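Just so you know, we're using this note's numbering here: the sequence shown kicks off at 308 and counts up by one. Cβ coordinates follow ideal geometry from the N, Cα and C atoms, glycine included. Because the structure is a prediction, the values reported are computed rather than measured. Beneath this line is the structure, given in structure tokens, with notes to follow.
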Amino acid sequence: PDSCNLGTVNWFSHRSPLCALCPAAVCLGYMKCCFGFTELSLLESGDEVFIEMLQRGVAPEQCPERLKGLYWMQDNLANEVLVTWQDAYWQPATATAPFLGTKDLGLNFTRDPTCFGVWNGPPFSPFTCPPVGCCPCLCLPCWAVAPCGSARSLPGCCLRRTPMTLVSSPDQRWIDLGLGNFIFIPTAGETLVAPGGEPVAFDAAQDLLRVSFYPEQGLSSINYQYRVRRVAHLSESGALVKTEAWDD
């Protein structure tokens, strides 16, 4: 072709083959190592992996009850799969924001083991020593190509992601994530349907909806959305409780 069109390259999906073959696989392997990732199969993992995720956090009990649990970003086209919010730092409520939190995107935020999945989620700065077993010299090229600027909390080519901020609306129906990205909190009894009108698997009592739109243009400008389904949570005794969404 006369020009390169990224729209024709499978680099964004959950099963992207980009960087999967040698010699690119060598760089991908070092990216995983240098960025400090742990790779595991979620489908083959025991309950203890998810229990550990749900127990993390300085004060997980401060998390709003509606956001406690393990959430699956179903329908999300990006290389992002599971997330929790009880590990966020939750600040005292204000008159305009009943809850306000800050989450480290390098913790309890799983991504696919693809080139973009790894590139999209480096959890630490190159000023931090690389994990044991990684050669700093081999890590330098990966650090050099890591995204920079406003997406990072330090100037230059740094790998510490800017934390996710969660600011609720006064009625606690919306959570503002910034840059036109929101989470909608439905109430029990509300339903979700596809464009054709057929019902979509969704439990309004515990699932959420990620929506991106331009606030100044209203909901008519929605350009991205997906379900955020609660697949598990901890019981009062600390046991893992799986929801119906887990089977999906």
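{"query": "Take the Cβ of D478 as the centre, count every other Cβ of all protein chains shown within 10 Å, and call the residue buried at 16 or more, exposed below.", "result": "exposed"}
{"query": "If you drop the 5 nearest sequence neighbours on each side, which residues of the same chain put their C-beta closer than 6 Å to that of A512?", "result": "A495"}
{"query": "Quick one: what's Y378 bridged to in DSSP?", "result": "V390, R537"}
{"query": "Helix, strand or coil for G525, going by three-state DSSP, please let me know.", "result": "coil"}
{"query": "Indicate whether at least one CB of chain C lies closer than 9 Å to the CB of N530.", "result": "The chain labelled as chain C is not found in the depicted structure, where only one protein chain is given."}
{"query": "Taking only the alpha-carbon atoms, compute the straight-line gap between L541 and Q532 and give it to the nearest angstrom.", "result": "27 Å"}
{"query": "Find the nearest neighbour of F515 within the set D382, T401, H321, T345, judged by alpha-carbon distance.", "result": "In the sequence as displayed, the identity of residue 515 is Leu instead of Phe. Selected option, being the one with the closest Cα: D382."}
{"query": "Could you tell me which of G487, K549, T550, L499 sits nearest to E523, measuring between CA atoms?", "result": "G487"}
{"query": "Pull up the distance between the alpha-carbon of I482 and that of I490, whole angstroms please.", "result": "5 Å"}
{"query": "Please report the residue range of the alpha helix (DSSP H) in which L361 lies.", "result": "354-362"}
{"query": "Would you identify the three-state DSSP class for D514, choosing helix, strand or coil?", "result": "coil"}
{"query": "Compute the Euclidean distance between the alpha carbons of E551 and V538, then round it to the nearest angstrom.", "result": "7 Å"}
{"query": "Which residue's Cα is closest to the Cα of N386: F319, W397, F406?", "result": "F319"}
{"query": "Indicate whether W529 and S544 have their beta-carbon atoms separated by less than 9 Å.", "result": "It is Ile, not Trp, that sits at residue 529 in the sequence shown. Contact flag unset, no."}
{"query": "Let me make sure I understand the geometry here. Which of R373, L374, V390, K549 has the alpha-carbon closest to that of M360?", "result": "V390"}
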